[in-house]
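*Asks:* The working numbering applies: residue 255 is where the sequence shown begins, and numbers increase by one. All C-beta atoms in this analysis are idealised placements derived from N, C-alpha and C, irrespective of residue type, glycine included.
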Amino acid sequence: MTTLAEQEEAAGLPPGPETRTPSLADFRPPNVPLTTLGLALASFMQVLDTTIANVSLPTISGNLGGSANQATWVITSFAVSTAIALPLTGWLARRFGERKLFMWSTLGFVFASCLCGLAHSMGLLVTARALQGLLAGPMYPVTQALLLSIYPPAKRGQAIAILAMVTVVAPIAGPILGGWITDNYSWEWIFFINIPIGIFASTVVGRQLKGRPEKLEKPKMDYIGLATLVLGVGALQILLDLGNDEDWFASHTIVILTIVAAISLAVFVIWELTDKDPIVNLRLFRHRNFAAGTAAMVVAYGAFFSVGILVPLWLQRNLGYTAIWAGFATAPIGILPVLLTPLVGKYANRFDLRILASVAFVAMSMTSFLRSGFNLEVDFHTIAAVQLFQGLGVALFFMPVLQILLSDLAPHEISAGSGLMTFLRTLGGSFAASLTTYAWSERGAFHHAHITESVSRLDPAAMQHLVQYGGGDMQRGAAVLERMISNQAAQIGFNEIFHLLGIIFLVVIAFVWLAKPPFAAKIGGAAAGGH
């Protein structure tokens with residue numbers, strides 16, 4: 255007796271629904287909104303943890319008996335591990351499948367978060383944070399690939415917009431939420447709150463995506479690529495985090511780290527480009543839109559990250575804001591992205607995405623130029639208003655650029671491409687953070703020296719001002735004048751950096767226009783078949 259499939263084949267008919275191999279293009283979870291919520295929560299949790307511990311470091315170091323320098327490793331260890339794991343996402347997805355990779359990474363992240371909260375020494379906390387960062391690496395790229403795959407082509411812009419909102423809002427919410435939890439409960443809860451969120455996200459996504467077709471492979475382990483990646487990225491991330499504290503190349507440690515990073519990364523790039531089955535697929539840059547979009551994303555995100563680093567530091571150091579009030583002053587940047595995300599996701603594809611991205615960069619450039627005119631008398635409302643206006647640029651930035659860079663990748667390249675882009679974006683942020691704080695310090699010192707040249711003991715008017723500042727005590731007046739000069743010098747340096755950032759945002763527009771339409775993602779196309 256012949257089977258239905260054999261009868262159809264003998265008759266020259268195409269396979270019926272009962273015999274057709276299910277494709278990724280046809281798969282939809284039973285509840286798309288619930289699946290989206292699970293994926294978005296996991297991504298929000300992961301991105302939130304990049305900043306949530308920042309304001310709690312003094313409390314953590316005090317409770318665990320560590321120094322301030324040791325406490326910074328709570329941040330550094332997470333960043334280094336995440337940077338190493340990110341570019342491995344493509345290889346892991348091919349080997350284990352995106353659904354399982356998401357579930358295991360999320361549950362592992364929950365376990366590591368629990369270890370962080372239970373740590374009773376600084377060494378254990380740093381180790382747990384390193385593990386947490388290692389497991390966090392694949393979460394964002396694989397979330398992006400899964401989220402795009404469950405939406406039909408017409409709605410994928412909305413999926414990308416959701417991730418863009420998470421990318422913007424989570425780092426802003428991190429310091430505010432971390433400070434509030436630390437002040438009202440205890441620092442351990444900044445890690446414990448991940449447990450219910452992670453379990454919920456993993457359970458929901460695991461059940462909803464059960465039966466999702468995935469084409470698994472058994473790629474060989476590229477040991478040379480892995481070793482050079484770990485050495486190169488680890489050394490580079492550490493030197494970027496420690497450079498300012500160690501006075502850069504005046505330190506033997508920084509020099510050694512630079513040599514290790516340079517040699518390791520050079521070998522890594524050459525090896526990965528020539529190996530038949532690389533652990534990180536650098537050949538993705540053969541795609542024009544991916545290369546142009548990634549360049550725009552890395553440079554623009556680096557500039558955006560510089561804003562996020564410099565404004566809170568300036569508010570606290572020069573204007574006397576507390577950490578919480580600095581958070582409130584900067585938080586309006588997230589309002590417009592939250593409100594506009596549904597509209598951007600729904601209607602963006604009716605426009606040339608390069609135009610939307612250009613409008614975003616013009617808006618972000620304008621806010622940078624506005625900040626370059628700030629002074630020490632600027633009020634809270636002005637600062638918050640500029641942050642709010644920058645939110646317009648942010649709302650139009652991430653979704654168009656993400657869709658542009660993913661548009662010419664094949665379906666099976668999405669996870670690898672997303673991981674590689676996120677890795678480079680993370681490194682761009684690290685470079686930006688180090689260079690921005692270094693430049694602000696150096697320009698402040700330069701202007702301090704320049705201003706003090708005009709103050710002379712031989713100038714009767716200057717000496718009279720010192721007496722006035724000190725209420726009759728010249729020594730106290732000198733101390734007051736020193737603080738004034740330091741603040742003014744730092745303010746001039748702040749203004750100069752934001753003028754440069756305004757120019758950088760305008761330059762990034764050129765990268766976007768190197769891309770060529772169409773910009774519709776190929777994910778889940780009929781030929782996809784799986785990842």
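1) What whole-angstrom Cβ distance do Phe365 and Val459 have, given they're in contact under 8 angstroms?
2) At the level of alpha carbons, what is the spacing between Arg410 and Lys770?
3) Could you spell out where the alpha helix (DSSP H) holding Asp437 opens and where it closes?
4) How should His374 be labelled, buried or exposed, when 16 other C-beta atoms within 10 angstroms of its C-beta is the threshold for buried?
5) Within the continuous alpha helix (DSSP H) that includes Lys216, where are the two ends?
6) Which residues bound the alpha helix (DSSP H) around Ser669?
7) Under 7 angstroms Cβ to Cβ from His541, same chain only, skipping five residues before and after it: list those, please.
8) Do you know offhand how far Ala693's Cα is from Leu760's?
9) Is it right to say Ser331 is buried, meaning 16 or more other beta carbons lie within 10 angstroms of its own, or is it exposed?
10) Check whether the Cβ of Val521 lies closer than 8 angstroms to any Cβ atom in chain B.
11) Return the chain-ordered list of same chain residues with a C-beta closer than 6 angstroms to the C-beta of Arg697, the five sequence neighbours on each side being excluded.
12) Please classify His198: does DSSP put it in a helix, a strand, or coil?
13) With a threshold of 16 other CB atoms inside 10 Å of the CB of Ile404, please say whether the residue is buried or exposed.
14) Secondary structure at Asn285, three-state DSSP: helix, strand or coil?
15) In or out: Ala592 buried (at least 16 other Cβ within 10 Å) or exposed?
16) Could you pull out every residue in the same chain whose Cβ sits closer than 6 angstroms to the Cβ of Ile416, ignoring the five residues on either side in sequence?
17) Can you tell me whether Ile609 is buried or exposed, with buried defined as 16 or more other CB within 10 angstroms of its CB?
18) Does the Cβ of Arg353 have 16 or more other Cβ atoms within 10 Å, making it buried, or fewer, making it exposed?
19) When DSSP labels each residue in this structure, what does Arg466 get in the three-state scheme?
20) Examine the Cβ distances between the stretch 520 to 529 and the stretch 550 to 566 and report whether three or more of them are shorter than 8 angstroms.
21) Please state whether the Cβ-Cβ distance between Asn498 and Ser740 is less than 8 angstroms.
22) Write down the C-beta distance between Ile452 and Ala307 rounded to the nearest angstrom, noting that I regard them as a contact closer than 8 angstroms.
23) Mapping DSSP to helix, strand and coil, what is Gly391?
24) If we ignore side chains and look at the alpha-carbon of each, how far apart do Ser672 and Met738 end up?
25) Using alpha carbons as the reference points, say which of Val762, His704, Ser626 and Leu463 lies closest to Leu402.
26) Please state whether DSSP places Ile447 in a helix, a strand or coil.
27) Starting from the C-beta of Leu385, find all residues in its chain whose C-beta is less than 6 angstroms away, skip the five residues before and the five after it, and write them out in chain order.
28) Mapping the DSSP letters down to three states, classify Val762 as helix, strand or coil.
29) With 16 other CB atoms within 10 Å as the buried threshold, where does Thr290 fall?
30) Determine the contact status of Gln745 and Asn629, defining contact as a CB-CB distance below 8 angstroms.
31) Compare the beta carbon distance of Pro392 and Ala339 with 8 angstroms and say whether it is the shorter of the two.
32) When burial is assigned at 16 or more other CB atoms within 10 Å of the CB, is Phe827 buried or exposed?
33) Identify, in the order they occur along the chain, each residue of the same chain with its Cβ nearer than 8 angstroms to the Cβ of Ile587, setting aside the five sequence neighbours on each side.
34) Going by DSSP in three states, Ile533 sits in which element: helix, strand or coil?
35) Confirm, please, whether the CB-CB distance from Ala337 to Phe558 is below 8 angstroms.
*Replies:* Walking through what the data contain:
1) About 17 angstroms separates the two Cβ atoms, so there is no contact after all.
2) 19 angstroms
3) In the DSSP assignment, Asp437 falls within the unbroken alpha helix (DSSP H) covering Arg410 to Asn438.
4) exposed
5) Limits of the chain in this structure are 255 at one end and 785 at the other, which puts residue 216 out of reach.
6) Ile668 to Thr706
7) Asp662 and Leu663
8) Counting only the Cα atoms, Leu760 lies some 20 angstroms from Ala693.
9) With 16 or more Cβ atoms within 10 Å of its Cβ, Ser331 is classed as buried.
10) Reference to chain B is not applicable here, since this structure consists of a single protein chain.
11) Gly747 and Glu750
12) The structure shown does not extend to residue 198, since the chain is modelled only from 255 to 785, so the question has no answer here.
13) buried
14) coil
15) Note that residue 592 is Val in the sequence shown here, rather than Ala. It counts as exposed.
16) Ala294
17) exposed
18) buried
19) Looking at Arg466 - three-state DSSP - the assignment turns out to be coil, as it is neither helix nor strand.
20) Result no; under three Cβ-Cβ pairs closer than 8 angstroms.
21) no
22) For the sequence presented, residue 452 should be read as Gly rather than Ile. With 8 angstroms as the limit, Gly452 and Ala307 do not qualify as a contact, their Cβ atoms being about 16 angstroms apart.
23) coil
24) Cα to Cα, Ser672 sits roughly 47 angstroms from Met738.
25) Leu463
26) coil
27) Ala366
28) helix
29) buried
30) Taking 8 angstroms as the Cβ cut-off, Gln745 and Asn629 qualify as a contacting pair.
31) yes
32) Residue coverage of the chain in this structure runs from 255 to 785, which leaves residue 827 outside it and unanswerable.
33) Val422, Ile426, Gln641, Leu642, Gln644, Gly645 and Val648
34) coil
35) Taking a C-beta distance under 8 angstroms as the contact criterion, Phe558 and Ala337 do not qualify as a contact pair.
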